[in-house]
Amino acid sequence: MKKISRRKLLTGGSLAAAVPALHALVPHQGLHDALGAGGGRRGHAHRSRDHHTGVVGRVDPRVNGFDPHEILRDFDWGTVRREGGRVVREWEIVAEDKEIEVAPGVKFNAWAYNGRVPGPTLRAREGERLRIRFTNGSKHPHTIHFHGIHTAAHDGVPGVGRGNVQPGESFTYEFDAEPFGLHLYHCHSNPLADHIAKGLYGAFIIDPRDGRPEADELVMVQNGFDTNFDRQNEVYAVNTVAFAYMHEPIRVRRDELVRIYLVNVLEFDPVNSFHVHANFFHRFPTGTSLEPAELTDTIVQGQGQRDVLELRFPYAGRYMFHAHVSEFADLGWMGFFEVV
Ligand code: CU
Ligand code: CU
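When you read off a place in the sequence shown, starting at 1, and then add 1406, the result is the number in this note's numbering.
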């Protein structure tokens, strides 16, 4: 069988040829709807083909139990206690096996931290003590490996310290919040690419001691999904659901400072990128300095790379943002800001 272009999964350039082959490769129910070949439900406004993306239908956030629009501004500060005058922040994180929908009708058997992909955005202040109780509710061994500075025993790597946390078991990771910046956490069990690509990752923000200027803050975790196990991604997104911000743009205010915490956890592709239309942003690499390194409109990120981006929109209107790896944009990594 001739290899099917990844592009056809979502936009279906040649549907007659693509659909039977895709059914063999990706036997997911509802794919007809995603491809626009379902027929029967056409005419219903909600099912009509989007003229920007070619995609039919939308992912209902109730099916996944999480909403990419809520993830944008959802920061998990944990529970605070004081020990010897010091702030200790605590979280409970559970890994589980969970089917999610990453594009209309395209299901993916994910592994998720706290039921969502990406996992919760953990947020703390520089210098605090952090304690993360991890329970593995999945059928596979997992860990949590945090970026940041800490001891080997709490690095979440197989064979070091506690190493793999087996199904049904728990382990508590503990370390200081340093350095300030935009970090991430992810599972580090083997095979590593698979444990990450299945969905075990999240953003991890350490605020500078004195904070950053007031802003409308947005978390964007760039990810992708290999839905047919060929070690290529068929679906690309920010915060998991393809085209979520095309179908419902991100509303921001004109002239207000917007701060984007941009993380790239994409597997199987060496780089990802971010481009915003009709505007420029300040780039703070890894968020570890309060002085911007660059003023630009496009950045490239390797796997695990992060940047804090700051911008203001001087004009009202609808402005696109997307991966400037254009193929990713066509496969889901594309959205709009609605400036009001
Ligand atoms: Cu894992
Ligand atoms: Cu990493």
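Backbone N, C-alpha and C define an ideal beta-carbon position, used for all residues, glycine too.
Contact between Arg1495 and Ala1518 does not hold, since their C-beta atoms are separated by about 22 angstroms, which reaches or exceeds 8 angstroms. Judged by the Cβ position, His1728 fails to qualify as a neighbour of ligand 1 at the 7 angstroms threshold, every heavy atom of the ligand being at least this far. Distance from the CA atom of Pro1510 to the CA atom of Val1461, rounded to whole angstroms, is 8 angstroms.
Excluding residues up to 5 positions away in sequence, Tyr1651, Met1652, Pro1655, Ile1656, Arg1724, Tyr1725, Met1726 and Phe1727 lie with their Cβ nearer than 8 angstroms to the Cβ of Phe1742 in the same chain. Ranked by Cα distance from Gln1638, the first of Glu1733, Ile1499 and Glu1534 is Glu1733.
According to the DSSP secondary-structure assignment, Glu1489 is paired through a beta bridge with Arg1492.
His1688 sits in a strand when the DSSP states are folded into three classes. By the Cβ criterion, the segment 1600-1614 is in contact with the segment 1575-1587, since at least three pairs of Cβ atoms, one from each stretch, lie closer than 8 angstroms. Between Gly1630 and Val1677, the gap from beta carbon to beta carbon reaches 8 angstroms or more. Just measuring C-alpha positions, the residue of Asn1515, Thr1541 and Val1500 sitting nearest Glu1507 is Asn1515.
At a cut-off of 7 angstroms, the beta-carbon of His1601 does not count as near ligand 2: no heavy atom of the ligand is closer than that. Distances taken from the Cβ of Ser1595 to the heavy atoms of ligand 1 include one shorter than 7 angstroms. The nearest non-hydrogen atom of ligand 1 is less than 7 angstroms from the C-beta of Leu1606. Secondary structure of Phe1734 (DSSP, three-state): helix. The way I'd put it, the segment 1658-1671 does touch the segment 1617-1625; three or more beta-carbon pairs between them come closer than 8 angstroms. Relative to ligand 1, His1551 has its C-beta separated by 7 angstroms or more from all heavy atoms. Annotated three-state conformation of Val1508 is strand, per DSSP. Cβ contact annotation for Val1469 (same chain, cutoff 6 angstroms, sequence separation greater than five): Glu1507, in chain order.
In chain order, Ala1516 and Trp1517 place their CB closer than 6 angstroms to the CB of Lys1604, counting only its own chain and leaving out the 5 sequence neighbours on each side. The Cβ atoms of His1560 and Phe1581 sit closer than 8 angstroms to each other. Judged by beta-carbon spacing, Ala1648 lies within the 8 angstroms limit of Gly1738, meaning their Cβ atoms are closer than that value. Residue burial is scored here from C-beta neighbours: Thr1527 has at least 16 other C-beta atoms within 10 angstroms and is therefore classed as buried. At least one heavy atom of ligand 2 falls within 7 angstroms of the beta-carbon of His1592.
Of the residues Ala1735, Tyr1667, Phe1552 and Thr1704, the one whose Cα lies closest to the Cα of Arg1712 is Tyr1667.
The beta carbon of His1551 lies closer than 8 angstroms to those of Asp1561, Gly1562, Val1563, Tyr1591, His1592, Cys1593 and His1594 in the same chain, with the five residues before and after it left out.
For Trp1517, the shortest separation between its Cβ and any heavy atom of ligand 1 lies below 7 angstroms. The Cβ-Cβ distance between Arg1689 and Thr1702 falls below 8 angstroms. A distance below 8 angstroms separates the beta carbons of Pro1524 and Asn1645.
Within the DSSP secondary-structure output, Val1571 pairs in a beta bridge with His1548. Beyond the five residues adjoining it in sequence on each side, Ala1599 comes within less than 6 angstroms, by CB distance, of Glu1673 in the same chain, given in chain order. Counting only residues of its own chain and dropping the five nearest sequence neighbours on each side, Leu1717 has a CB closer than 6 angstroms to the CB of Val1664, Asn1685 and Phe1687.
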